[in-house]
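For the sequence shown, the positions run 1 to 212 when the UniProt record's numbering is used.
Here the structure is laid out as structure tokens; the discussion comes afterwards.
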Amino acid sequence: MATSFIRDSPYLSKDRITDLAHPELTVCSLCNGLLWLPVACEKCETSFCTSCIKTWRIEAEDPRLCPKCSAEYSQRPCPGAITHILSTFNIICHHKPHGCSAIVPYKSLETHEETCDYRQKTCPGCEEKIIRMHFNAHYYTCPSVLLTCPECNSIYQRQNADQHTDYKCLRVQINQLQDQMMRIEHIQNGKLNLLESQIRHLIETIEQIVNR
């Protein structure tokens, strides 16, 4: 399962760990960052981030071989001793540059960063990046956000709402009703033509019976 910080960067940087221990076991040899969602080579038991080994096997000249021992790579779960060490680490939140001061346990990191109040979201109107805790206040006042008129379904930016007057709204509704009437008339004409065709066919059938 991809996480926010894995999407943003190729590894979990070591400078975010407040208590790094046993780097020879807990650091990925491919990205040089802390192991994240680790798996291991069944032959040499070297551990890699899941995303790192997948990328390596796509880009390597011979993806069948382990990048560490060069034997044929067969994947196994990360050794329990390493996952235990990882679980003892405390990690600085990825969103610290935006104001978050949280330091969270390794196992809670993904959940925290997905719901962090300082996680940035992109406004669909102005495309500005806004931290999560301020996003709603920005979104509901942003002049570039698109609005939909509940009466006529016209779409316009919030800053142009004053231009969508009652007169324009009524004109749009009238045009919509006219279009709807034309569609209904077209359907009714089609039904009428079908009925007329059926009547003509019945008359012809009756005439054939009478003239026998």
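The C-beta atom is built at its ideal place from N, Cα and C for all residues, glycine as well.
Quick caveat: nothing in here was measured; it's all calculated off a predicted structure.
Thr18 places its beta carbon 8 Å or farther from that of Ile131.
Each residue's CA atom was taken as its position, placing Ser47 and Glu151 some 60 Å apart. If only complete runs of 3 or more residues are kept, the region 147-185 shows the beta strand (DSSP E) at 155-157, in order along the chain. Under the three-state reduction of DSSP, Ala40 is assigned to strand. Under DSSP, Ile103 shares a beta bridge with Ile92. Residue Leu25 holds the alpha-carbon nearest to the alpha-carbon of Cys49 among Asp62, Lys43, Leu25 and Cys69. Leaving aside the five residues that flank Gln173 on each side, the residues in its chain whose CB is nearer than 6 Å to its CB run, in chain order, Cys152. The C-alpha of Arg57 is placed about 17 Å away from the C-alpha of Pro77.
In this structure Lys14 is in contact with Leu34, their Cβ atoms being roughly 6 Å apart against a cut-off of 8 Å. The C-beta distance from Glu113 to Cys126 rounds to 25 Å, too long to meet the 8 Å contact threshold. Excluding sequence positions up to five before and after Glu45, its CB lies within less than 7 Å of the CB of Pro79, all in the same chain and listed in chain order.
In the structure shown, Glu72 adopts extended strand secondary structure according to DSSP, grouped into three states. Under the three-state reduction of DSSP, Ser13 is assigned to coil, being neither helix nor strand. For Cys49, the uninterrupted beta strand (DSSP E) run begins and ends at Ser47 to Cys49, by DSSP. Around Ser29, the same chain offers Thr46, Phe48, Pro67 and Lys68 as residues with beta carbons nearer than 8 Å, after the five sequence neighbours per side are excluded. Residues of the same chain with a CB within less than 6 Å of the CB of Lys129, apart from the 5 flanking positions on each side, are Gln120 and Thr122 in chain order. Bounds of the beta strand (DSSP E) holding Thr122 are Gln120 to Thr122.
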